[in-house]
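Structure first, then comments.
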Amino acid sequence: MPTRLSSLTELTVANGERLSWGQRTYVMGVINVTPDSFSGDGLKGDVDAAVEQALRFEGEGADFLDIGAESTRPGHHPVTEAEELRRLLPSLEAVAARVSIPVSVDTWKSGVARAALDAGACIINDVWGLKADPGIAAVAAERGAGLALMHNQQGHVYDNLLDDIVSGLQRSADTALAAGVPRANLMVDPGIGFGKTADQNIEVLRELGRLKKLGL
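In this text, residue positions in the sequence shown follow the numbering used here: the first is 68, and each later residue adds one.
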């Protein structure tokens, strides 16, 4: 029987890191090594700046770091796997060597995910929830990595917003579980700001408790 979130106190992610959900809020520091970050803070391949930002986040109490090398902002220009790796790996390797907190890679490409785990990441943050490249699940299973699955879609038309999000995340989780990812290594993200209007984002925030039915 699936474990229910209401009774779950610990999950294992990040190659053995133990996280006590429900005890406190966890904070993730985001590092964008892109030239076109939505938030305007892209570091454009500056490795020293990435390390400096990572150490600052860690010093200020961040529990995780998330490094991404392809913008997901509206109207962004997709990049090739080779370009994403060129941007990502120098900063990721340098950051992972300097911090003691888990490092996540923000990517939807299985090849990038595998290389990032080799470079020191231990969580994969997939903003397409395995819809773009289901092979990410096999990489996470093989490497024992944490896997964050986000709800995302083209456009913002829904039959029922929360029901559609929950069912979409359930499909993503089922794909991951079928590939061998342990349930305890999975996290879900309702994808606020992705394929949703401002009003829909507020509705998601109001109804976050609905995600409990996923048992993740």
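We treat Cβ as the ideally placed atom computed from N, Cα and C, and that holds for glycine.
Quick caveat: nothing in here was measured; it's all calculated off a predicted structure.
Query: Is it true that the CB of residue 228 sits closer than 8 Å to the CB of residue 186?; Result: no
Query: Among the residues of its own chain, which have a CB less than 8 Å from the CB of residue 172, if the five just before and after it don't count?; Result: 133, 134, 135, 155, 159, 179, 180, 183, 184, 188, 190, 191, 192
Query: Work out the CA separation of residue 177 and residue 201 for me, nearest whole Å.; Result: 8 Å
Query: If you count every other CB in all the chains shown that lies within 10 Å of the CB of residue 269, and 16 or more means buried, which is it?; Result: exposed
Query: Looking only at its own chain, which residues have a Cβ that is under 8 Å from the Cβ of residue 107, when we skip the five neighbours before and after it?; Result: Because the pLDDT at residue 107 is just 47, under 50, the model does not fix this residue reliably, and the value given afterwards should be weighed accordingly. Correct list: empty, nothing qualifies.
Query: In three-state terms, what does DSSP make of residue 252?; Result: helix
Query: Residues in the same chain with beta-carbon distance under 8 Å from residue 197, minus the five sequence neighbours each way, listed in chain order, please.; Result: 203, 204, 216, 239, 242, 243
Query: Can you check whether the CB of residue 258 is closer than 8 Å to the CB of residue 218?; Result: yes
Query: Would residue 174 pass as a contact of residue 223 if the rule is Cβ separation under 8 Å?; Result: no
Query: Please return the same chain residues whose Cβ sits closer than 7 Å to the Cβ of residue 210, not counting the five positions on each side in sequence.; Result: 184
Query: Report the rounded CA-to-CA distance for residue 281 versus residue 251, giving the unit in angstroms.; Result: 12 Å
Query: For residue 165, collect the residues of the same chain with a Cβ closer than 6 Å to its Cβ; drop the 5 residues on either side in sequence, then sort them by chain order.; Result: 118
Query: When the Cα atoms are used, what is the spatial distance from residue 130 to residue 122?; Result: 12 Å
Query: When burial is assigned at 16 or more other CB atoms within 10 Å of the CB, is residue 94 buried or exposed?; Result: exposed
Query: At the level of alpha carbons, what is the spacing between residue 170 and residue 157?; Result: 14 Å
Query: For residue 99, which of 146, 262, 137 has the nearest alpha-carbon?; Result: 137
Query: Buried or exposed for residue 275, please, with buried defined as at least 16 other CB atoms from any protein chain shown within 10 angstroms of its CB.; Result: exposed
Query: Would you mind working out which of 230, 225, 195 sits nearest residue 214, comparing C-alpha positions?; Result: 195
Query: Across which residues does DSSP place residue 171 in a beta bridge pair?; Result: 133, 190
Query: On the DSSP bridge list, what partners appear for residue 268?; Result: Beta-bridge pairing links residue 268 to no other residue.
Query: To the nearest whole angstrom, what separates the beta carbons of residue 283 and residue 255, a pair I think is in contact under 8 Å?; Result: 5 Å
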